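The next block holds one structure in the form of structure tokens; read it before the comments.
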Amino acid sequence: MSEKRIYTFGNGKAEGKADMKNLLGGKGANLAEMNLIGVPVPPGFTITTDVCNEYFEKGKQQVVELLKEEVIKSVKHIETLMNSKFGDVENPLLMSVRSGARASMPGMMDTILNLGLNDEVVEGLARKTGNECFAYDSYRRFVQMYGDVVMGMKPVNKEDIDPFEAIIIKVKKQRGISLDNEMNVDELKQLVAEFKAAIKEQTGFDFPVNPMDQLWGAICSVFDSWMNERAILYRKMEGIPAEWGTAVSVMAMVFGNMGKTSATGVCFSRDAATGENLFNGEYLVNAQGEDVVAGIRTPQQITKEGSLRWAKQQCVDENIRASKYPSMEETMPEIFAQLNDIQDKLEKHYHDMQDMEFTVQEGHLWFLQTRNGKRTGTAMVKIAMDLLHEGEIDEKIALERCEPNKLDELLHPVFDKEALVSAKVLTRGLPASPGAACGQVVFFADDAAKWHDDGHQVIMVRIETSPEDLAGMNAAEGILTARGGMTSHAAVVARGMGKCCVSGAGAINVNYKNRTVEIDGVLVREGDYISLNGSTGEVYLGEVKTKPAEVTGDFAKLMDLCKKYTKLVVRTNADTPHDAEVARNFGAVGIGLCRTEHMFFENEKIKAMREMILSDTKEGREIALEKLLPYQKQDFYGIFKAMDGCPVNIRLLDPPLHEFVPHDIEGQKIMAKEMGISVEEIQHRVNLLSEHNPMLGHRGCRLGNTYPEITAMQTRAIIGAAIELKKEGYNPQPEIMVPLVGIVNEFDAQEEVIRSTAKEIFEKEGVEIPFKVGTMIEIPRAALTADYIAQKAEYFSFGTNDLTQMTFGYSRDDISSFLPVYIDKKILKVDPFQVLDQTGVGQLVEMAVKKGRATRPDLKCGICGEHGGEPSSVKFCHKVGLNYVSCSPFRVPIARLAAAQAAIEE
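If you're matching positions, the sequence shown starts at 0 in numbering that gives the first Met the number 0 and goes up one per residue.
Dropping the structure here:
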């Protein structure tokens with residue numbers, strides 16, 4: 000690691016810069032960069048991410064010793080620039096301590112503000128500023144925040160409110176006031192005293208009075224927060240490695256709580272929910288930053304346009320808006336003009352939408368942070384396309400700016416307009432994150448996670464959310480809060496997750512102990528259904544019908560851009576004409592996997608299928624297969640028609656036969672009657688089909704080689720449907736895939752049945768259809784002997800689900816019993832059934848492609864496992880030279896974007 004552990008910034012100079020994000024974290028690197036480009040930033044210093052790793056390797060005491068000399072020197076750097084002294088009674092300097100990983104993790108780690116206060120320093124601050132109310136407001140905030148973050152003063156039970164908040168409510172009740180900023184000096188002093196007493200009673204420790212002790216406690220707490228539960232969960236969700244660590248930025252405090260000429264706020268250079276090119280944000284007069292994001296006071300809009308839109312959504316009269324809820328543009332026009340200029344400067348500098356935090360101290364504007372803003376999938380696409388058209392970025396950067404997995408948000412269902420007409424609107428809040436969500440009400444994060452795991456769709460309802468609620472927010476379909484604006488914790492995190500969110504719904508009255516929420520006279524209990532419209536802020540009683548989203552506009556432009564650059568094409572896994580049409584509309588160029596077994600489970604089909612399986616003679620099976628033939632042919636006809644002119648890869652019957660037979664007594668009675676034999680005989684034949692390890696048993700090509708009449712029937716259905724369509728003027732392109740081949744002889748035997756059956760049909764119909772016969776490479780031995788298999792097989796399709804299963808020796812159905820432990824212990828980094836194991840399984844894929852093409856240079860190769868829609872796996876497939884990936888219909892756009900990015904990154 001670098002010997003230099005601390006980098007300073009301030010007064011237009013900085014030891015770091017924007018491209019040092021890995022070392023200084025996003026916040027530290029951007030604070031340095033803002034200094035260098037002339038943005039007003041309070042002076043400070045950043046402790047590197049390397050130190051975070053040292054902290055967990057060497058321990059707290061050793062790292063404090065390593066840092067002590069540099070920290071003292073860096074504090075003096077701030078003192079010099081601020082012309083004040085840390086811990087001094089007459090001319091005190093206060094500081095903030097903030098986290099900052101290289102990847103944005105909003106609200107997941109800890110921050111401490113107003114650090115450096117004690118009973119003597121607060122009096123000095125009051126004298127220095129001539130504002131005793133401000134001094135004690137800062138002091139009570141510091142004790143509250145430090146007591147929570149560093150000393151662990153938390154609610155004892157989840158139904159309890161925050162212990163500090165309980166004291167604040169009690170003190171405000173004495174005079175019947177409702178807002179924190181209405182408290183007088185005596186009440187603020189009372190808070191400080193009661194906070195300290197509560198901390199001592201609950202934790203057993205006195206509140207520290209030495210400012211340097213406070214600083215070390217805060218720095219170490221920020222490092223500790225890298226390993227708190229919510230940060231670990233967020234990293235898992237976002238794929239952020241633990242070894243990245245967090246930096247710690249220490250800055251001189253600037254104060255937004257010094258009176259009516261002071262304020263604090265959060266702003267975005269574009270709309271983070273919709274992507275609209277509209278500067279927007281929220282601010283509070285006479286407040287500090289946590290007030291805005293915590294949602295304790297509902298903030299006001301920064302721009303007049305934003306204020307007018309807010310008033311319209313909330314049905315607020317213009318006279319009331321202008322007098323009670325004016326925008327910063329109207330009340331602080333000079334500050335607004337500076338803010339507007341700087342936000343524009345920062346967006347142009349970073350060429351991306353910026354999420355910024357600022358403070359106004361007695362008419363002076365300071366920037367505390369800028370970062371590339373978290374955004375919804377819709378906003379992500381719109382912003383990328385708009386910046387492209389504005390000439391800020393080029394096509395390749397536009398593609399790379401879009402995260403493939405976030406495209407999924409654009410494909411979520413929306414409310415049916417007809418259903419909304421009759422829906423009962425309970426209340427209206429702020430449209431914090433778009434989307435449609437229906438679910439059962441829950442009030443606590445752990446309950447949301449548990450209900451979700453039990454198969455329920457839930458809406459999490461909170462007074463306001465905090466970072467501790469992350470697991471519940473992740474499990475919920477949507478989030479509803481009573482407090483908070485468009486930049487509150489709930490809003491920012493929900494947008495980052497792509498979750499529907501309605502915040503600041505002031506009409507809702509949440510009772511955690513009774514687990515109820517009262518909304519304008521309607522009592523909704525835990526488990527009752529509500530629906531949220533994150534695009535309008537409306538909350539509906541009950542479930543509102545949804546419909547599939549329609550994808551147009553910027554999304555279509557992005558897909559056109561993908562087509563321009565991609566080399567690896569995308570097919571779909573589809574078993575019905577409907578799925579095929581959906582995928583084709585998303586840009587799929589064929590079907591990479593059509594699973595014939597999924598076609599057999601409808602009523603009459605399953606009877607014929609069971610009759611075929613339970614027959615004990617070839618003649619009996621052939622009679623049953625003749626019943627199945629028209630059904631199969633009709634299924635293939637519909638799929639070929641939907642995919643006219645595109646290749647359709649049909650996998651012959653693959654699963655073990657026991658999956659199709661009736662295991663319940665009623666089903667066995669039906670089959671006994673159908674076949675004219677006893678129930679006991681049916682049960683006997685069912686038992687004969689059971690296997691100890693069916694996934695490695697009588698399935699795949701083993702079925703076709705044992706019962707070639709099954710392969711013959713499926714071939715007749717495939718070729719027959721294709722011929723029928725050709726006669727109608729269509730252009731079907733069938734591919735017939737032999738599954739689970741491990742020995743080339745298995746493939747040879749099946750190919751002979753397929754080709755001879757097709758020849759008979761061609762002669763009978765007087766029409767020929769070009770078709771290919773290939774195989775699914777899903778057994779390691781097939782990959783090792785791919786050069787032999789390719790002598791006959793015309794294409795390979797890698798079934799990476801089974802290939803992963805057999806390479807690792809993990810059962811896909813049973814891995815959940817040990818996977819969480821393996822990931823926690825870092826034995827595995829990810830679930831190999833979700834993300835392709837490029838080292839092991841990937842090596843087999845790459846080897847099989849090379850061996851196969853050595854025998855057959857024009858061998859077409861694709862992948863059709865679940866990995867075909869996972870971005871990093873798609874990029875690997877591009878790298879090893881596959882022709883296509885295949886995935887479920889709604890993953891097609893994700894795979895297309897990943898394929899385009901792979902081509903660009905090449």
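The C-beta atom is built at its ideal place from N, Cα and C for all residues, glycine as well. Here the structure is a predicted model, which is why all the values come from computation and not from measurement.
(request) Assuming Glu777 and Asp801 form a contact by the criterion Cβ under 8 Å, report the distance between their Cβ atoms to the nearest whole angstrom. (result) Working through the sequence shown from its first residue, we reach residue 777 at position 778. Working through the sequence shown from its first residue, we reach residue 801 at position 802. About 4 Å; that satisfies the 8 Å criterion.
(message) Checking the sheet assignment: what are the DSSP bridge partners for Arg524?
(response) For the purposes of this step, residue 524 is taken as residue 525 along the sequence shown, with counting starting at 1. DSSP lists Thr515 as partners of Arg524.
(message) I need the DSSP call for Glu793, collapsed to helix, strand or coil.
(response) Locating residue 793 in the sequence shown gives position 794, where the first residue counts as 1. Glu793 falls in the coil class under three-state DSSP.
(request) Following the continuous alpha helix (DSSP H) through Gly376, name the residue where it begins and the one where it ends. (result) Taking the sequence shown and counting its residues from 1, the one referred to as residue 376 is at position 377. Note, Gly376: alpha helix (DSSP H), Gly376 to His388.
(request) Can you have a look at Asp857 and say buried or exposed, based on whether 16 or more other CB atoms are within 10 angstroms of its CB? (result) Residue mapping note: residue 857 aligns to position 858 of the sequence shown, counting from 1. Its Cβ having fewer than 16 others within 10 Å, Asp857 is exposed.
(request) Would you check if the distance between the CB atom of Ala490 and the CB atom of Ala447 is smaller than 9 Å? (result) Against the sequence shown, residue 490 aligns to sequence position 491. Against the sequence shown, residue 447 aligns to sequence position 448. Result no, Cβ atoms of Ala490 and Ala447 do not sit closer than 9 Å.
(request) Enumerate in chain order the residues of its own chain whose CB-to-CB distance from Asp354 is below 6 Å, with the five nearest sequence positions on each side excluded. (result) Here residue 354 is taken as the residue at index 355 of the sequence shown, counted from 1. Answer for Asp354: Phe267, Arg370 and Gly372, listed in chain order.
(request) Out of Gln833, Lys828 and Gly841, point me to the one whose CA is closest to Arg917's CA. (result) Here the chain comprises residues numbered 0 to 905, so residue 917 is not present and cannot be evaluated.
(request) Assign Glu158 to buried or exposed, taking buried as 16 or more other Cβ atoms, counted over all protein chains shown, within 10 Å of its Cβ. (result) The residue labelled residue 158 in the question sits at position 159 within the sequence shown. Glu158 is exposed by the Cβ-count criterion.
(message) Between Gly99 and Ala217, how many whole angstroms is the CB-CB distance? I'm expecting something under 8 Å.
(response) By one-based count along the sequence shown, residue 99 stands at place 100. By one-based count along the sequence shown, residue 217 stands at place 218. That belief does not hold up - the Cβ atoms of Gly99 and Ala217 are roughly 14 Å apart, past 8 Å.
(request) Determine, using beta carbons only, whether Glu356 and Val253 come nearer to each other than 9 Å. (result) As a position in the sequence shown, residue 356 is number 357, starting the count at 1. As a position in the sequence shown, residue 253 is number 254, starting the count at 1. Result no, Cβ atoms of Glu356 and Val253 do not sit closer than 9 Å.
(message) Just verifying my parser: in three-state terms, what is the DSSP assignment at Ser755?
(response) For the purposes of this step, residue 755 is identified with residue 756 of the sequence shown, where counting begins at 1. In the structure shown, Ser755 sits in a helix (DSSP, three-state: H, G or I).
(message) Closer than 8 Å is the cut-off here; do at least three beta carbon pairs connect the segment 459-478 with the segment 183-199?
(response) no
(request) Measure the beta-carbon distance from Val380 to Phe554 and round it to whole angstroms, keeping in mind my assumption that it falls under 8 Å. (result) By one-based count along the sequence shown, residue 380 stands at place 381. By one-based count along the sequence shown, residue 554 stands at place 555. About 6 Å separates the two Cβ atoms, so the contact holds.
(message) Only counting the same chain, and skipping five residues up and downstream in sequence, which positions put a Cβ closer than 7 Å to that of Met150?
(response) Locating residue 150 in the sequence shown gives position 151, counting from the first residue. Same-chain partners within the cutoff: Ile198, Thr202 and Phe204.
(request) With DSSP as the reference, label Phe357 as helix, strand or coil. (result) Taking the sequence shown and counting its residues from 1, one reaches residue 357 at position 358. Phe357: strand per DSSP, three-state reduction.
(request) May I ask you to verify whether the segment 676-692 touches the segment 654-662, counting CB pairs closer than 8 Å and requiring at least 3? (result) yes
(request) Please name the residue in Thr426, Lys556, Val588 and Val420 whose C-alpha comes closest to that of Val568. (result) Start at 1 with the first residue of the sequence shown, and residue 568 comes out as number 569. The residue with the shortest Cα to Cα distance from Val568 is Val588.
(request) Could you please give me the residues that DSSP links to His363 through a beta bridge? (result) Residue mapping note: residue 363 aligns to position 364 of the sequence shown, counting from 1. Its beta-bridge partners are Gln360.
(request) With Glu734 as the anchor, note down where its beta strand (DSSP E) starts and where it stops. (result) Here residue 734 is taken as the residue at index 735 of the sequence shown, counted from 1. That run of the beta strand (DSSP E) goes Gln732 to Val737.
(message) How far does the beta strand (DSSP E) with Leu827 in it extend, from its first residue to its last?
(response) Indexing the sequence shown from 1 puts residue 827 at position 828. Unbroken run through Leu827: none, as it is neither H nor E.
(message) Let me check understanding here. Comparing Cα to Cα, which of Asp445, Ile814, Glu723 and Gln300 lies closest to Glu912?
(response) The structure shown does not extend to residue 912, since the chain is modelled only from 0 to 905, so the question has no answer here.
(request) Could you give the DSSP three-state label for Lys544: helix, strand or coil? (result) As a working note, residue 544 is residue 545 in the sequence shown. DSSP places Lys544 in coil when its eight states are reduced to three.
(request) Please determine if the segment 722-736 and the segment 692-700 are in contact, where contact requires at least 3 C-beta pairs separated by less than 8 Å. (result) no
(request) In angstroms with no decimal places, state the Cα-to-Cα distance between Phe909 and Arg320. (result) Limits of the chain in this structure are 0 at one end and 905 at the other, which puts residue 909 out of reach.
(request) Output the distance between the C-alpha atoms of Glu673 and Ala720, rounded to the nearest integer angstrom. (result) For the purposes of this step, residue 673 is taken as the residue at position 674 of the sequence shown. For the purposes of this step, residue 720 is taken as the residue at position 721 of the sequence shown. In a straight line, the C-alpha of Glu673 is about 28 Å away from that of Ala720.
(request) Report the option in Ala897, Val891 and Gly864 whose CA atom is closest to the CA atom of Pro877. (result) Looking up residue 877 in the sequence shown gives position 878. One detail in the question is off: residue 877 reads as His in this sequence, not Pro. With distances taken between Cα atoms, His877 lies closest to Ala897.
(message) Do Ser95 and Leu112 count as a contact pair if the criterion is CB distance below 9 Å?
(response) As a working note, residue 112 is residue 113 in the sequence shown. As a working note, residue 95 is residue 96 in the sequence shown. Yes; because the gap between Cβ atoms is below 9 Å, this pair is in contact.
(message) Rounded to whole angstroms, what is the Cα-Cα separation between Tyr787 and Gly741?
(response) The residue you call residue 787 lines up with position 788 of the sequence shown. The residue you call residue 741 lines up with position 742 of the sequence shown. The alpha-carbon atoms of Tyr787 and Gly741 are separated by roughly 11 Å.
(message) So Val543 and Ala418 are supposed to be a Cβ contact under 8 Å. How far apart are they, rounded?
(response) By one-based count along the sequence shown, residue 543 stands at place 544. By one-based count along the sequence shown, residue 418 stands at place 419. That belief holds up - the Cβ atoms of Val543 and Ala418 are roughly 5 Å apart, short of 8 Å.
(request) Answer yes if the segment 870-884 comes into contact with the segment 830-841, meaning at least three C-beta pairs across the two stretches below 8 Å, and no otherwise. (result) yes
(message) Buried or exposed, going by whether 16 or more other CB atoms sit within 10 Å of the CB of Thr705?
(response) What you label residue 705 is simply residue 706 of the sequence shown in a count that begins at 1. Exposed, because fewer than 16 other Cβ atoms sit within 10 Å of the Cβ of Thr705.
(message) Among Phe599, Lys3, Ile612 and Thr571, whose alpha-carbon lies nearest the alpha-carbon of Cys645?
(response) The residue you call residue 645 lines up with position 646 of the sequence shown. Nearest of Phe599, Lys3, Ile612 and Thr571 to Cys645, Cα basis: Thr571.
(request) Give a yes or no on whether 9 Å exceeds the smallest Cβ distance from Pro731 to chain C. (result) Chain labels in this structure do not include chain C; a single protein chain is all it has.
(request) For Gly495, collect the residues of the same chain with a Cβ closer than 6 Å to its Cβ; drop the 5 residues on either side in sequence, then sort them by chain order. (result) Sequence index remark: in the sequence shown, residue 495 carries index 496 (1-based). Result list for Gly495: Lys373, in chain order.
(request) Using beta-carbon positions only, say whether Pro41 and Ala251 come within less than 9 Å of one another. (result) Here residue 41 refers to the residue found at position 42 of the sequence shown. Here residue 251 refers to the residue found at position 252 of the sequence shown. Yes, these two residues count as a Cβ contact at 9 Å.
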